[in-house]
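Note that the sequence shown covers residues 577 to 1112 in this note's numbering.
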Amino acid sequence: MTRRYSVTYFGAFALIDPDGVNVTPKGSKAKGLLAMLCEVDDMRRGRRWLEGRLWSSRSPVQASGSLRQTLSEIKIAFRNDPHVFDADRLDVWLNPECVETDLDAHDAHQSPERELLEGLDIRDAEFQKWIAAFRARHSQNPQNSSGLLTPAIKNTIKIKAIQTERGSTIEKIASNIIADQVAKNIEDRLSAQRFSSDVPALANASADLEIRCNVAEDGGKRIVFLQVHHGGDGRILFSGHRNVSGDLAEAISTDIVQGLVHSAVTKINHRMPSVFDLKRPEVAAAGFTSLGLRKLAQFDPESLSEAHGHFEKAHDTDANGIYLAWGAFARMAQLVEGGGSDSEAYLEEVQQLTSDTLQNSSDNGLAVALVALTRIMLKDDLNASAELAQRAILWNENNLFAQQTLAIAHSAVGDTERAYQISLACQKAYPKDDLSHLWDLYHSLVCISSGRLDEARKASLRAATSAPTFVAPRRQLIALCANAGDMEGARKHLQAMRSLESDFSLERYLNDEEYPIASLRNAGLIMPLKRDDFEE
């Protein structure tokens, strides 16, 4: 029989060994660390993550030393069962098979009248943010009229995909599938959850978002009409339609419909903080994510740093792994753009963030796709990253970001034709969001690797036009225009780079192997260029 330790959150934090002895560490940091470990299902946290919550104002060296001391204190509590608690150079963990807590809503020992973690006072601003969000996540949920708790939908954005009664049987099914696609993609983006109105206990429960879709035939063409309503007052938060042709079963997965779904989810993400209570952690996190995505879209060093900060705040407010994935993506973008003196620290942070994402959100298609893309762009084990991209598609085949990531993955491992076909399908979906120029850049990279240089030039030009300060497509355009014989265009983009990138020089562009134009070099587009080619 497994010896189990018991952790108490309601009231004062306590750790009780299998013999009933109170072995709670005396130090507040040790208690706080155990509280943060035991909250998550796998009872595992990264060292850097813990240091950032308990010693956020200290230097990395000081924080690391303090963590080692705290771990030694905790190990004393488990000296009779040393296998229960352990750590390595990256993570700290408990064996979840050997530890139970009173956070389970069905635990008879729970004391609703007691505050969570009473008296646990750790004077660190980051820990205070964590404990406030923790208390919000685990506050008591009143019983419903059936006497049953409503599990799994508290502290989440609640979604109902309303089943339509209009149209033929196949039209009804198609409508419901598309509505469910929207709900699924919102689940991947935010702390949200779909629930069914068919379950009696939830039939009258109000939803934050109601998704309605109708499919009808008009003159031989199918019309898909999609709306997302505010569940409380019926406000229309998104409305859009698309015309599709061909068999209706095929239309469900067509690029056009996927683009409509993507546009709906993006719009909802941005509207959440303005139409729901920001005191709700999941709504506040959506707000930080919205700010982060808009900063990320600008793709200049200062904005990328601000984007990372917003994603970090989102995760501090609502511990969803998707926000870690976005934070890693923002740091990756900084690294690709140079990273400066912080490159080594950023790389270590990216490694930790991607690892934590896969531990916490391994079933989130968007989170896994972001991890895969982040690692691919940093040339980190391309085959393993390609497998991650494929896994992301398995979790959510209608996630356009996952599909674009899969295209980049195929390109990275040399399957350029397959990469092009997937990327082209994403382009046909015409995703309308803040990152449209990024989609064009990635399509350009795929086209370069597959030898479609004219299409690559057009995609890079779209990206540069929609985001004038975005340097990556202009880097591509210098070589792509020169290759096409458009030296006037090449010189134009060369001049733009000189104004956008303070340390840019033609010499560096042509000869520095570290300059971030690997796709152009690998395609043989840089070697033929000479300095004299750019003189008027």
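Positions of the beta carbon are idealized from the N, C-alpha and C atoms, including for glycine. The model shown is predicted, which means the values in this text are computed figures rather than measured ones.
C-alpha distance - residue i paired with residue j, whole-angstrom precision
i	j	result
Thr677	Asp957	38 Å
Ala1035	Tyr585	54 Å
Glu741	Ala755	13 Å
Glu925	Ala904	8 Å
Glu691	Tyr1091	55 Å
His891	Ser1095	33 Å
Val833	Arg907	32 Å
Arg714	Leu679	According to the sequence as given, residue 714 is His; it is not Arg. In a straight line, the C-alpha of His714 is about 7 Å away from that of Leu679.
Leu1076	Arg994	34 Å
Phe801	Gln1052	38 Å
Val837	Asn671	40 Å
Thr578	Cys674	7 Å
Glu786	Glu888	29 Å
Gly816	Asp657	59 Å
Ser821	Asp831	12 Å
Residue closest to residue i, alpha-carbon to alpha-carbon, out of the options
i	options	result
Leu766	Asn790, Asp667, Asp1010 and Arg856	Arg856
Asp1108	Ala1001, Ala1058, Thr992 and Pro1044	Ala1058
Leu1101	Asn819, Arg1028, Ser1075 and Ala921	Arg1028
Ile984	Arg798, Ser961 and Lys1004	Ser961
Leu1021	Ala909, Met953 and Trp902	Met953
Ala1032	Ala1043, Arg788, Leu1105 and Arg1050	Arg1050
Leu1056	Leu1105, Glu1077 and Ala1072	Leu1105
Ile650	Gly1061, Ala611, Glu615 and Lys797	Ala611
Leu970	Ser782, Ala945 and Arg994	Ala945
Glu913	Asp892, Met1073 and Val804	Met1073
Leu696	Gln638, Glu1077, Ser919 and Pro601	Pro601
Asp918	Ser881, Tyr899 and Ala901	Ser881
Val583	Val637, Ala653 and Ser642	Ala653
Glu920	Pro636, Arg580 and Pro594	Pro636
Tyr922	Ile592, Gln910 and Ser931	Gln910
Own chain, CB closer than 8 Å to residue i, minus 5 neighbours either side, in chain order
i	result
Thr646	Gly603, Lys605, Ala606, Leu609 and Leu630
Val841	Val758, Asn761, Ile762 and Arg765
Ala1083	Correcting the residue type first, residue 1083 is Glu in the shown sequence and not Ala. Same-chain partners within the cutoff: Arg1107.
Thr992	His986, Val1022, Ser1025, Ser1026 and Gly1027
Ala663	Arg623, Leu647 and Trp669
Pro849	Val859, Ala860, Ala862, Gly863 and Ser866
Ala792	Arg742, Gly743, Glu747, Arg798, Ile799 and Phe801
Phe1080	Met1073 and Arg1074
Own chain, CB closer than 6 Å to residue i, minus 5 neighbours either side, in chain order
i	result
Arg1038	Asp1016
Ala1048	Leu1017
Arg624	Gln928
Gly596	none
His1019	Ser999, Gln1003 and Ala1035
Ala860	Leu854 and Thr893
Trp706	Arg629
Asp667	Arg620 and Gly622
Gly941	Asp764, Ala968, Trp971, Asn972, Asn975 and Ala978
Ala883	Gly868, Lys871, Leu872 and Ala906
Counterpart residues of residue i in DSSP-defined beta bridges
i	result
Val583	Leu591 and Thr677
Glu793	Arg798
Leu670	Phe661
Ala768	Ile733
Glu786	Lys736 and His805
Asn974	BP columns for Asn974 are empty, so no partner.
Coil, strand or helix - residue i by DSSP
i	result
Lys760	helix
Arg690	coil
Ala805	The residue you asked about is not Ala; residue 805 is His in the sequence shown. Note: His805 maps to strand in three-state DSSP.
Glu741	coil
Ser815	strand
Gly622	strand
Val820	strand
Asn598	strand
Glu1089	coil
Ala1055	helix
Pro877	helix
Ala1043	coil
Gly903	helix
Val947	helix
Met1103	coil
Asp1062	coil
Same chain, Cβ closer than 7 Å to residue i, neighbours up to 5 away in sequence not counted
i	result
Leu867	His886
Glu694	Gly587 and Ala588
Leu982	Ala965, Gln966, Ile969 and Ile998
Ser687	Confidence at Ser687 is low in this model, with a pLDDT of 49, below 50, so its placement is unreliable and the value that follows should be read with caution. Same-chain partners within the cutoff: Phe586 and Gly587.
Asp939	Trp971
Asp1010	Leu869, Arg870 and Ala873
CB contact check: residue i to chain C, cutoff 8 Å
i	result
Gly695	The displayed structure is made up of one protein chain only, and chain C is not part of it.
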